[in-house]
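Everything on this sheet refers to the single structure shown next.
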Amino acid sequence: MPNFDAGSYFLTTLAPIRKGATVDLDGSTVSFQQRLAITLATLPTALQSPATEKTGVQSPFARSLRTHLCRFAIIDDAVYNGRPPRNPVLTSLFGPDPIIADEPDRLNAAYLMFTAEIDAVTQDGAPLPATLSPSEQDAVRDAWARDIWDKAPDEVAA
74 MPNFDAGSYF LTTLAPIRKG ATVDLDGSTV SFQQRLAITL ATLPTALQSP
124 ATEKTGVQSP FARSLRTHLC RFAIIDDAVY NGRPPRNPVL TSLFGPDPII
174 ADEPDRLNAA YLMFTAEIDA VTQDGAPLPA TLSPSEQDAV RDAWARDIWD
224 KAPDEVAA
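Each residue of the sequence shown is one higher than the one before, counting from 74 in this note's numbering.
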């Protein structure tokens with residue numbers, strides 16, 4: 074679900090997480106979701122504060138000068154925000170029965186969400202464009218992905 078605005082390209086991707094279990098590196102059995110959470114927890118953050126500068130390990134995404142923000146999140150299920158608002162008079166006359174709870178929405182699987190905001194350019198230092206066609210947006214996304222791959226091949230391949 075890409076989007077372009079004011080010289081930046083925004084990308085949000087949702088990928089279902091496989092159900093089931095796998096054998097972890099230490100021989101224990103863990104779900105694919107837990108294994109993914111463990112892997113994401115090991116990713117370094119950007120060297121942008123005194124606490125993170127001490128680690129000396131740069132985030133693979135921060136190695137690209139085009140990256141503004143990247144975030145991973147695991148979405149376990151839909152959030153239940155309560156009942157939708159209803160007219161109390163009409164509900165008392167025609168239903169549904171307010172004592173019986175509504176069935177909450179559920180996801181069919183957990184999802185990995187990846188979001189990124191990047192400069193909408195194909196080369197570092199290029200001027201930010203005012204407009205981009207859909208094919209140019211695809212080229213920006215692909216160039217950024219190649220840049221990440223070139224600057225952090227070990228992390229991307231893992």
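The C-beta atom is built at its ideal place from N, Cα and C for all residues, glycine as well.
Limits of the beta strand (DSSP E) - the one that residue i falls within
i: Ala146; result: Thr140 to Ile148
i: Phe167; result: Per DSSP, Phe167 belongs to no beta strand (DSSP E); it is in the alpha helix (DSSP H), Pro161 to Phe167.
i: Asp175; result: Segment: none, Asp175 is in no beta strand (DSSP E) and carries neither H nor E.
i: Asn76; result: Asn76 to Asp78
Separation of residue j from residue i, as counted between CA atoms
i: Asn181; j: Thr86; result: 17 Å
i: Pro171; j: Ile191; result: 47 Å
i: Glu228; j: Trp217; result: 15 Å
i: Pro117; j: Pro207; result: 32 Å
i: Ala146; j: Ala94; result: 20 Å
i: Arg91; j: Ala110; result: 13 Å
i: Gly129; j: Leu120; result: 7 Å
Per DSSP, cross-strand counterpart(s) of residue i
i: Val96; result: Thr102
i: Ala189; result: Leu84 and Cys143
i: Tyr184; result: Pro89 and Ile148
Reduced DSSP secondary structure (H/G/I, E/B, other) of residue i
i: Pro89; result: strand
i: Asp197; result: coil
i: Ala225; result: coil
CB contact below 7 Å: residue i versus chain D
i: Pro117; result: Among the chains of the structure shown, chain D does not appear; only one protein chain is present.
* To do: Entirely within the region 105 to 141 and at least 4 residues each: give me those alpha helix (DSSP H) ranges in chain order.
  => 105 to 115 and 123 to 126
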